[in-house]
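There are 2 protein chains.
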Amino acid sequence: MTADSPTANVVTLGGLKAACATCNLHELCLPHGMKDAEVAELERIVSRGRPVGRGRTLFRINEPFRAIYVPRSGAVKTYTLGSDGSEQIVGFHLPGEVIGLDGMVEHRHQVTAEALELASVCELPFDLLEHAAARVPALQHQLMRLMSREIAGKEQQLLTLGDHSPERRLALLLLDLSQRFAHRGFSASEFNLPMSRQDIAAYLRLAAETVSRAFGKLQREGLVEVEGRLVRIASGAELAAFCGYAVSGSQRRVC
Amino acid sequence: MTADSPTANVVTLGGLKAACATCNLHELCLPHGMKDAEVAELERIVSRGRPVGRGRTLFRINEPFRAIYVPRSGAVKTYTLGSDGSEQIVGFHLPGEVIGLDGMVEHRHQVTAEALELASVCELPFDLLEHAAARVPALQHQLMRLMSREIAGKEQQLLTLGDHSPERRLALLLLDLSQRFAHRGFSASEFNLPMSRQDIAAYLRLAAETVSRAFGKLQREGLVEVEGRLVRIASGAELAAFCGYAVSGSQRRVC
DNA sequence: CGGAAGATTGAGCAGGATCAAAAAATGTGG
DNA sequence: CCACATTTTTTGATCCTGCTCAATCTTCCG
């Protein structure tokens, strides 16, 4: 039984216009590298809706694909239901990260997107976006960059799931979140997890108990300090080394 | 200790021009949905190289990203090396499937691409492709479709790895390959695996022995017949049911 | 034909899932 | 604001399954 109510609770976003130019996610999101006039073009397309409550869905699996979504605040998870009815989380999405691009091929969403916390989300109708991209090369470029980022990110996830040790899988997730928070101007060494332990378990394909024990081990090893959802990473380099990365100065994943 | 020689064996593809218009992968590849004149535009960009031998690489991880690749014949695997030096396969690529799109964001390849068998591969310099896409909306659309397909495909892989039973993981791979072969005009019920058991193991994140035993079980259950690399699927519906799919007429993944 | 790599089969072990229960956190209504 | 109910998280004990090690058999090359 999920926490979600069985009734349809899909949020229809309203028609408020956006101000991408002044958005602090500017550099992470679609506007990156675009001129003011081009951003204005984009703003005609984007609509901001009213905040989406925790547990509410942006869209559900198999629904027709009409738009992509970008949270401005609040985290979102995407998942499908496994054959046994369990949630299989395929992604956590922080502000500035595009959601729903996988729906374009089949013209329907491949996953369900649900807010992990109160979230403000931008909605971009895809047909309009594609039209605009055909006229604005910088937009086309950035859109493809975001898709490429998505592909590369999913590959990283595959590598994370491929690791056999639960502690390393968890450490890889924490490291990933740390870097993504850092790019958003938050601390890389201390942050609040937007998701529950069960969500982490469903993402790492582990039992919730195993996740709990993995947190314990990482803490005992002195790699992280955990207090509920608050995580403090003692040394990013050490944690990276624990994950098997040859530590070499700077990190990957730009912008 | 890979089978690969330690010396650089990157294949530089030659400058032969392509004939996308008459290619039998037309409908699967970039030209899909494009007019003749638009395909001609594409042909100016594509170059076919001489066949790539088994074990040869199209590109290696961390090399600068310059082009994407599409095999016309022959299968390709993409992988990275895990912390323990083992191969972590993140994708098998059949003819008509684009390779290398994940390299665009970071301007460098995120994986190594290696031919599983003798393969003819088309090379598309990405800067030229992007320029052309800006002028030809149909090309832009198709390029984005292929990227979306890639994202959706990786998500499916995540779900495959998420399954805890080795037999189901293997069955999901076989089912996936079956459908992809079928789209290429080959038999969905009988085909030759282009990859070794060890490759399958590295892809499913299982021990090679476990893969061998999983094949045995599937065979004993009467779901498949296996003779070396030859696989015969008795009933696709039964196999799908075994994987936990609610069987409902047609299958997913178009084009 | 011979050597080497690949695939299969068997035995034992270790680690993560499962079941069960307690503890902590969260939220709700009075 | 507090008490209570519910959910979430943690901890413990046991079981099972996939990994490991080892040997045999097969296939694929030169």
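Protein chains in written order, with our numbering: chain A, 1 to 255; chain B, 1001 to 1255. In this text, a Cβ means the ideal position worked out from N, Cα and C, and glycines have one as well.
- Chain A places a beta carbon closer than 8 Å to that of D1102/B, counting this residue as a contact.
- The beta carbons of E1038/B and C1020/B sit no closer together than 8 Å.
- In the three-state reduction of the DSSP assignment, Q88/A falls in the strand class.
- Checking the DSSP bridge columns, you'll see Y1245/B has no partner listed.
- Comparing alpha carbon positions, the residue from A115/A, L158/A, V136/A, V121/A closest to G33/A is V136/A.
- The beta carbon of K1154/B is closer than 7 Å to none in its chain, skipping five residues each way along the sequence.
- Under the criterion of beta carbons closer than 8 Å, L170/A and A214/A qualify as touching, at roughly 4 Å.
- Neighbours of R1145/B in chain A, taken as residues at a C-beta separation under 7 Å, are given in chain order as M104, V105.
- Beyond the five residues adjoining it in sequence on each side, E1087/B comes within less than 7 Å, by CB distance, of T1002, Y1079, L1081, A1202 in the same chain, given in chain order.
- The beta carbon of V1226/B lies closer than 8 Å to those of F1215, L1218, Q1219, R1232 in the same chain, with the five residues before and after it left out.
- Here the alpha carbon of L173/A sits roughly 8 Å from the alpha carbon of T160/A.
- The beta carbon of I200/A sits no closer than 8 Å to any beta carbon of chain B.
- Put simply, the segment 122 to 136 of chain A does not touch the segment 1177 to 1191 of chain B. Fewer than three CB pairs are less than 8 Å apart.
- Contacts between T1080/B and chain A, judged by CB atoms closer than 9 Å, involve E155, L159 in chain order.
- The alpha helix (DSSP H) runs lying completely inside the segment 163 to 221 of chain A and spanning 4 residues or more are 166 to 183, 197 to 204, 208 to 220, given in chain order.
- Residues are counted here when their Cβ sits less than 7 Å from a Cβ of chain B; for the segment 126 to 142 of chain A these are E130, A133, A134, P137, Q140, H141, given in chain order.
- At a C-beta separation below 9 Å, S1083/B has these neighbours in chain A: D163, R168, C243, G244, Y245, A246.
- Annotation: M195/A to V1052/B spans about 46 Å, alpha carbon to alpha carbon.
- Distances from the CA of G1055/B to each of Y1069/B, E1063/B, E1106/B, A1075/B were compared; the closest alpha carbon is that of A1075/B.
- Non-local beta-carbon contacts of R66/A in its own chain, meaning distances under 7 Å to residues more than five positions away in sequence, involve P125, F126 in chain order.
- A1040/B counts as exposed, since fewer than 16 other C-beta atoms from the protein chains shown sit within 10 angstroms of its C-beta.
- DSSP places R72/A inside the beta strand (DSSP E), whose first and last residues are 67 to 73.
- Sorting L30/A, T57/A, L230/A by C-alpha distance to the C-alpha of L118/A places T57/A at the top.
- For A1040/B, the secondary structure class from DSSP, reduced to helix, strand or coil, is helix.
- Its chain contains R168, A171, L172, L175 as the residues whose beta carbon lies nearer than 7 Å to that of C243/A, once the 5 sequence neighbours on both sides are disregarded; these appear in chain order.
- Chain-ordered, the chain A residues with CB closer than 7 Å to the CB of E1150/B read I151.
- CA-to-CA, the gap between E1221/B and A1207/B works out to about 21 Å.
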